[in-house]
Amino acid sequence: MKSIQLKISFVLLVLCFMGAGCEKEVEANFQEINFLKVKGLSLQDDTCFIAGGSKDLNLVINSQEDFEKYFECKNDYSPQIDFSQYTLLTGSRAVNCIYPTLALQQILVDDKNKAVQFKAQFEYDSGCYAALGVIYYHALIPKLKNSYTVSFDITINSNKN
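Note that my numbering gives residue 150 to position 120 of the sequence shown, counting from 1, and the numbers run on in steps of one.
In structure tokens form, the structure reads like this:
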């Protein structure tokens, strides 16, 4: 009798492991969406810049309070962003060659998996001017719910001389 119970227990255990292994992953279905640029946020010496000299930083900003926490603006200027309608995705990267150009920028959204990808590619079309610097990037997108996760994929192609 114990032998039968042991065999049944073993079979049930194997079936449990098989069932757990067959769990279907939700397939990603990213769609590119349109985005806006905010005047005064793109360049280091622009009207507003990320505060504190942060070099490698990614931010998801959903309120004016957060904007003021992370950005410093010159001459009491502050862009008019309606944070009830929009989310600001922004960040910076340290570079050892200055003056790259933004070659490609995409915002991809997967509503089923509640995921957003910010993709940007910078290139040195006119060559590399060896100096330490910071590049900035941003996109203003329709308001994200808090349940969405955001990933940043920032590529800096410095192979051009």
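Note that CB positions come from ideal geometry on N, CA and C, so glycine has one too.
#### Entry: Straight-line gap, PRO172 to SER93 (C-alpha atoms, nearest Å)
For the purposes of this step, residue 172 is taken as residue 142 along the sequence shown, with counting starting at 1. For the purposes of this step, residue 93 is taken as residue 63 along the sequence shown, with counting starting at 1. Answer to the nearest angstrom: the Cα atoms are 13 Å apart.
### Task
Would you tell me roughly how many angstroms separate the C-alpha atoms of GLU153 and LEU71, rounded to the nearest one?
For the purposes of this step, residue 153 is taken as residue 123 along the sequence shown, with counting starting at 1. For the purposes of this step, residue 71 is taken as residue 41 along the sequence shown, with counting starting at 1. Taking the straight line joining both Cα atoms gives about 19 Å.
#### Entry: Secondary structure of GLU53, DSSP reduced to three states
Taking the first residue of the sequence shown as position 1, residue 53 is located at position 23. Confidence is the limiting factor: at GLU53 the pLDDT is only 49, short of 50, which leaves the residue's position unreliable, though a coordinate-based value still follows. Here GLU53 sits in coil by DSSP.
### Query
Where does the unbroken alpha helix (DSSP H) through GLN115 begin, and where does it stop?
What you label residue 115 is simply residue 85 of the sequence shown in a count that begins at 1. Annotation: GLN115 is outside any alpha helix (DSSP H) and is labelled neither H nor E by DSSP.
### Query
If you check the beta carbons only, do ILE63 and VAL139 fall under 7 Å apart?
Numbered from 1 along the sequence shown, position 33 holds the residue referred to as residue 63. Numbered from 1 along the sequence shown, position 109 holds the residue referred to as residue 139. Judged by their CB atoms, ILE63 and VAL139 are nearer to each other than the 7 Å cut-off.
### DSSP state of TYR154 mapped onto helix, strand, coil
As a working note, residue 154 is residue 124 in the sequence shown. Coil at TYR154, not helix or strand.
### Query
SER188: which of SER177, THR131, GLN147 and ALA169 sits nearest, CA to CA?
For the purposes of this step, residue 188 is taken as the residue at position 158 of the sequence shown. With respect to the C-alpha of SER188, the residue from SER177, THR131, GLN147 and ALA169 having the closest C-alpha is THR131.
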